[in-house]
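*Asks:*
In this note's numbering, the protein residues as written are 198 to 330.
1) Go ahead and label residue 303 buried or exposed: buried means 16 or more other beta carbons lie within 10 angstroms of its beta carbon, across all protein chains shown.
2) From the DSSP output, in three-state form, read off residue 227 for me.
3) From the DSSP output, which residues share a beta bridge with residue 204?
4) Sorted by chain position, which residues of the same chain lie with C-beta nearer than 6 Å to residue 340's C-beta, five sequence neighbours on each side aside?
5) With distances taken between CB atoms, is the gap from residue 284 to residue 230 smaller than 8 Å?
6) Just how far apart, CA to CA, sit residue 220 and residue 205?
7) According to DSSP, is residue 220 helix, strand or coil?
8) What separation, rounded to the nearest whole angstrom, lies between the Cα atoms of residue 225 and residue 323?
9) Pull up the CB-CB distance for residue 244 and residue 308, whole angstroms please, since I reckon it's below 8 Å.
Listed below in structure tokens is the structure:
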């Protein structure tokens, strides 16, 4: 794992509606980027719902939440609707962006949260303690 702070690598990924998002789309905002293995699994659902519940407070602080997994956009759409998730989910089906962001992680898309400054500088990386995917 890289030492923080470091520049967040750019990405270009479709959201749950198929609209392509890049890191530049979020420039100027604090960003909580969280990577997770799979939609609608116990641990990932708990984490997503926790971020859903914290979103209003994060937005008041000027931060936006974005989840990234290898699931297809159509799966994200269902997951988002089922749990009333109020933030963007991006599909990294090739796991390319995830590998760039999570250097040093043996298992790609391990549960991690990246706290990104408005200048796209990663300030903090938080690993999930849960072994549940």
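Where is the CB? At the ideal position from N, CA and C, for every residue including glycine.
*Replies:* So, from the data block:
1) At residue 303 the pLDDT is 42, less than 50, meaning the model places this residue with poor confidence; the figure from the coordinates comes in the next sentence. When all chains shown are included, residue 303 counts as exposed.
2) Per DSSP, reduced to three states, the secondary structure at residue 227 is strand.
3) Beta-bridge pairing links residue 204 to 318.
4) The shown model of the chain, from 198 to 330, leaves out residue 340, and the question about it has no answer.
5) Contact: no.
6) The alpha-carbon atoms of residue 220 and residue 205 are separated by roughly 8 Å.
7) Assigned with DSSP and collapsed to three states, residue 220 falls in helix.
8) C-alpha separation (whole angstroms): 22 Å.
9) About 6 Å separates the two Cβ atoms, so the contact holds.
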